[in-house]
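Asks:
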Amino acid sequence: MTNPSDSTAHRYTPELAAQIESTWQQYWKDNGTFNAPNPVGDLATEGAGALPKEKLNIQDMFPYPSGAGLHVGHPLGYIATDTYARYNRMLGKNVLHTLGYDAFGLPAEQYAIQTGTHPRTTTMANIENMRRQLGLLGLGHDPRRSVASTDPEFYKWTQWIFLQIYNSWFDEEQQKARPIAELVKELEVGKRKTKDGRYYSDLTAAEQAAALDEFRLVYLSNSTVNWCPGLGTVLANEEVTAEGKSERGNFPVFRKNLSQWMMRITAYSDRLLDDLELLDWPEKVKSMQRNWIGRSRGAEVDFTAEGHKITVFTTRPDTLFGAEYVVLAPEHELVDALLSPVPYDDDVDSRWTFGHDDPKEAVEAYRESIAAKSDLERQENKEKTGVFLGTYAVNPVNGKQVPIFIADYVLTGYGTGAIMAVPAHDTRDYEFATEFGLPITEVVSGGDISKEAFTESGKAVNSANDSIDLNGKSKEEAIAAIIPWLEEQGIGCEKIQYKLRDWLFARQRYWGEPFPIVYDAEGQAHPLPESMLPVELPEVEDYKPVSFDPDDSDSSPQPPLAKAREWVEVELDLGQGTQTYYRDTNVMPQWAGSSWYQLRYIDPQNSEEFCSLENERYWTGPRPEEHGAGDPGGVDLYVGGVEHAVLHLLYARFWHKVLFDLGHVSSKEPYRRLFNQGYIQAYAYTDSRGVYVPAAEVEEKDGKFYYNGEEVNQEYGKMGKSLKNAVAPDDICRDYGADTLRVYEMSMGPLDTSRPWATKDVVGSQRFLQRLWRLAVDETTGELATSDAELTEDDLKALHRAIAGVRDDYENLRLNTVVAKLIEYVNYLTRTYGNSAEGAPRAAVEPIAQLVSPIAPHIAEELWKRFGHTETITYSSFPTFEEKYLVDDEIEIPVQVNGKVKARVNVPADADEEAVVSAALADARIVELTEGKNVVKKIYVPGRMVNLVVK
């Protein structure tokens, strides 16, 4: 940091930087510099027909306003998107860039439980603090478009979209959502039947309502959820650790069946998969979504047991002859029906009984033992456990009796919740069979199944019966033969299966969006009309859900809203006369607001619609003329961390596709292009107890690190509060200036990689800006330091090459190399004119203000003004270059003698081989080295080198 005591009055010090930054931030605010006009509505300007032909809709992932405030790692993506937005404004584009807040969620609720402070109070304070911190950075956001998911005017439309989805069904034939009213018409005239094959007109009113619920995209289901008695709430899978504990509090979590709202995202599995091909997203993210959806082709096959049909799904029906046992998920609906009513036979292997003589007792004990395990833990658990039901199933291809087990590695949500186990050719089945002493029969040749499962392709063996013979066939040939045979026998069919499960859309919390649903006395759900939106959260005295003994797996949720009896019980007329109804006491999950917020940014002041279709079409509609045929539309650039690669992006895509099907948006996808920025990491330090100590207070001596005199261990990790290695942007802005922070963060490395933070290196970015400042401003007088001299040929080359390189790097988000090229150009001018009394030519310096403006906008604005411009630099035209200055007249060629560089020669750029070799042989050093020797070979690599072989 510069010492103010040795600075002159007009030197670019942190104090002067702070004055400049404050001045220009106020100017931007007063003049609405970054306000982007809409085609229509409240944010349209007069003469909207004159909107710029090109537009750019750029967006950061919806941030949560944490009470801990920001550290310097948080703004990395925000500075990058601001830089890209500013560059594109200078290209003449209408740029929509703003930032809102995903403000519902658990942290504010927990703080309310601890302190009694209303979550809204905490949330608004956190938002204001985050706005203040981000405001220091000079981000060019349109403040009129900022929203918070907790604003009633915002979540009114979240509730409205929920109702659109609730009042829709997925037409398999048309592969799209349609209004439920259209389904009712088709059911009433007999064009369609109910899911169970009945005629709609034959049903009672209650039965009709229940029949419609089976079609709806939102439905109530008795689903298996993660119930945490210690917290008194159901948790999403991502809130449960691999050890089956709550991420917050480390309480036991149990799998429990509860009536919950679900969204039928599985209806969109194929479209969510196939439309990934339309998106300009990182391949890694696309792959993660493909794996999450998990589409696989195979067959459903029916095993029979005790008069029941057990349907399994397999991608390898060619291995059916090797199925040696059947495994059901412990929660499978057939488990209790298939349990043997008598004790295990004496000859049953003791490993199969879980230490019990009675199958029912064994199953109950086993279920209790795995109740706290998460799905992830169950799937990845290396220790294979299970219980024999005491009954057998019949393998349909060979009539073999195979034992039926339950095991935790089979889940109800995947496939049918039942598998046929082929231990010879499946790793998990092999481990289970080995653990339980079950037979392992080879049906695919090519491996040594005495050592491990053989899972590769091979020829079928031991796979024949009286009516089909697969032996000798390849995997593909055997599958092609077995599936039609299964269908002919009536014991199976071809099937496409998905890993994706319907979306559990409810939380037993307070701080979330209330459901726009009420229930009548019979428990029938009724959607509220739009006129009754928003359903606002009531005030409650106690924000805490009823918690239970952490180990009480028999307990059930009692949400905080259930305590607000006056709010829960309401008198309404929903078309059947005034009746008493009961509100839903759950709230929506935090994903709700972030599933559509990019659309509200477009039209945030529209009180009649969630987003005008005309404005949506302008900002996110398909533009095949720019992006090619099949362009899905969407936000032009979406920047955020890869941690949201699956859930947030999948949920947002689902909601958007429903809105598209219903005609509310013109774009098929919410985000056309996605960019994942890396993280800023930092050193952290632990003492002898393994406790983290404040990194800022650690001293380095002789390669070792000390805190309060005690030696500590250094490690490297993501910057954050928990590692005590966070650095506040407020401090860096104070000590160096916001532009210095912006330049440093952009220069640290490629945007999509993680990079280490080192406060001591920030001074390098500060010195770059100081050198730039000195080229333009006399530090003694404050007057311009430039001259009116003409640019030399070298000046023109350096300038135009800087412009060309910087333009290309801005366009492709190579922001670290933008900084490198600007430093190179500033250094060139400093070397060339640093000691000149007249100073560098103005024509060489003035363009730097524009080149650096996207990254360091405050100093750029100040210099632009000092150069005599009266309008903001924000909308000045970005400099262009001339190709002729990008081509060298001369090039330098290394000259090797026997493979080692001994000299370098300058030759015309268009010199031919003869001229280049002649110049090399004429060089004084080469003449000296070859004198009296024989040059036996002359090798010329065009434009690269000359190699002389000398003897």
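Heads up: the sequence shown is residues -2 to 948, going by the working numbering.
Yeah, the Cβ is synthetic: ideal placement off N, Cα and C, and Gly gets one too.
Below 9 Å between beta carbons: does that hold for Ala415 and Leu325?
Replies: Yes, the pair counts as a contact, with Cβ atoms nearer than the cut-off.
Asks: To which residues does DSSP link Arg252 through a beta bridge?
Replies: Answer is Asn223.
Asks: Note down the Cα distance separating Trp500 from Met585, rounded to an integer number of angstroms.
Replies: For Trp500 and Met585, the distance between alpha carbons rounds to 11 Å.
Asks: How would you call Tyr265, buried or exposed, if buried means at least 16 neighbouring beta carbons within 10 angstroms?
Replies: Answer is buried; the Cβ neighbour count reaches 16.
Asks: What ranges does the alpha helix (DSSP H) occupy inside the region 613 to 692, keeping only unbroken runs of at least 4 residues that lie completely in it?
Replies: As far as the region 613 to 692 is concerned, its whole alpha helix (DSSP H) runs of at least 4 residues are 621 to 624, 644 to 658.
Asks: Excluding sequence positions up to five away, which residues of its chain have a Cβ less than 6 Å from the Cβ of Gly779?
Replies: Correct list, in chain order: His7.
Asks: With a 10 Å radius around its C-beta and 16 neighbouring C-beta atoms as the bar for buried, classify Asp466 as buried or exposed.
Replies: Asp466 should be labelled exposed.
Asks: Is the beta carbon of Gly444 closer than 9 Å to that of Lys456?
Replies: Not in contact: Lys456 and Gly444 (Cβ atoms no closer than 9 Å).
Asks: Suppose you measure from the CA of Met(-2) to the CA of Val760; what does that come to, to the nearest Å?
Replies: In this predicted model, Met(-2) has a pLDDT of only 37, less than 50, meaning its place in the structure is not dependable; the value taken from the coordinates is given anyway. For Met(-2) and Val760, the distance between alpha carbons rounds to 6 Å.
Asks: Based on DSSP bridge pairs, tell me the residues matched to Asp570.
Replies: Looking at the DSSP assignment, Asp570 forms a beta bridge with Thr575.
Asks: At what residues does the alpha helix (DSSP H) containing Glu519 begin and finish?
Replies: First-last for Glu519: undefined, no H or E at that position.
Asks: Contact defined as beta carbons within less than 8 Å: I believe Thr869 pairs with Glu858. What is the distance between those atoms, to the nearest angstrom?
Replies: Rounded, the Cβ-Cβ distance is 7 Å, consistent with contact.
Asks: Under DSSP, the beta strand (DSSP E) around Cys490 begins and ends at which residues?
Replies: 489 to 494 is the span of the beta strand (DSSP E), which, as asked, contains Cys490.
Asks: By Cβ distance below 8 Å, which residues in the same chain neighbour Met259 in space, the five residues on each side in sequence not counted?
Replies: Result list for Met259: Val215, Tyr216, Leu217, Ser218, Ser220, Asp499, Trp500, Leu501, Phe502, in chain order.
Asks: Note down the Cα distance separating Phe433 from Gly637, rounded to an integer number of angstroms.
Replies: Straight-line Cα distance between these residues: approximately 47 Å.
Asks: Given Trp564, which residues of its chain have a CB within under 6 Å of its CB, disregarding the five upstream and five downstream residues?
Replies: So the qualifying residues of the chain are Pro535.
Asks: With burial defined as no fewer than 16 other Cβ atoms inside 10 Å of the residue's Cβ, what is the status of Thr316: buried or exposed?
Replies: It counts as buried.
Asks: Specify whether the region 521 to 538 and the region 160 to 168 touch according to this definition: at least 3 beta carbon pairs, one from each stretch, less than 8 Å apart.
Replies: Segments in contact, yes.
Asks: For Gly509, does the three-state DSSP call read helix, strand or coil?
Replies: Gly509: coil per DSSP, three-state reduction.
Asks: How big is the Cα-Cα spacing for Tyr108 and Ile55?
Replies: Cα to Cα, the separation comes out at about 33 Å.
Asks: Between which two residues does the beta strand (DSSP E) holding Val442 run?
Replies: Before going on, a small fix: residue 442 reads as Ser here, not Val. Where Ser442 is concerned, there is no enclosing beta strand (DSSP E), given that its DSSP letter is neither H nor E.
Asks: Which first and last residues belong to the alpha helix (DSSP H) in which Trp482 is found?
Replies: That run of the alpha helix (DSSP H) goes 472 to 486.
Asks: Do you know how far the Cα of Phe212 is from the Cα of Asn247?
Replies: Between Asn247 and Phe212, the C-alpha separation is close to 38 Å.
Asks: Which two residues bound the contiguous beta strand (DSSP E) that contains Ser293?
Replies: It spans 293 to 302 - the beta strand (DSSP E) in which Ser293 sits, taken as one unbroken run.
Asks: Over what stretch of residues does the alpha helix (DSSP H) that includes Pro854 continue unbroken?
Replies: 854 to 863 is the span of the alpha helix (DSSP H), which, as asked, contains Pro854.
Asks: Taking its Cβ as the centre, do 16 or more other Cβ atoms sit within 10 Å of Ala421, making it buried, or is it exposed?
Replies: Buried, since its Cβ has 16 or more Cβ neighbours within 10 Å.
Asks: So the alpha helix (DSSP H) Gly714 belongs to, where does it begin and stop?
Replies: Where Gly714 is concerned, there is no enclosing alpha helix (DSSP H), although the beta strand (DSSP E) it sits in stretches over 707 to 715.
Asks: First and last residue of the alpha helix (DSSP H) that includes Phe151?
Replies: From DSSP, the alpha helix (DSSP H) with Phe151 extends over 149 to 163.
Asks: What three-state label does DSSP hand Gly44 in the structure shown?
Replies: Residue confidence for Gly44 is low, a pLDDT of 45 falling below 50, so the modelled location carries little weight and cannot support an answer.
Asks: So Gly229 and Gln505 are supposed to be a Cβ contact under 8 Å. How far apart are they, rounded?
Replies: About 7 Å; that satisfies the 8 Å criterion.
Asks: Which term fits Val938, buried or exposed, when burial requires 16 or more other beta carbons within 10 angstroms of its beta carbon?
Replies: So Val938 ends up on the exposed side.
Asks: Measure from the alpha carbon of Phe905 to the alpha carbon of each residue in Gln156, Lys899, Ser915, Lys897, then state which is nearest.
Replies: With the sequence shown as reference, residue 905 is identified as Pro, and Phe is not the correct amino acid for it. It is Ser915 whose Cα lies nearest to the Cα of Pro905.
Asks: Output the distance between the C-alpha atoms of Glu321 and Ala418, rounded to the nearest integer angstrom.
Replies: Cα to Cα, the separation comes out at about 6 Å.
Asks: If we ignore side chains and look at the alpha-carbon of each, how far apart do Gly295 and Tyr540 end up?
Replies: Using only the alpha carbons, I get a separation of about 48 Å.
Asks: Mind pulling the beta strand (DSSP E) runs of 3 or more residues that sit fully within the region 267 to 336?
Replies: Here the runs fully enclosed are 293 to 302, 305 to 311, 322 to 325.
Asks: Jot down the residue ranges of each uninterrupted beta strand (DSSP E) in the region 385 to 417, minimum 3 residues, whole runs only, in chain order.
Replies: Fully enclosed beta strand (DSSP E) runs of 3 or longer: 398 to 404.
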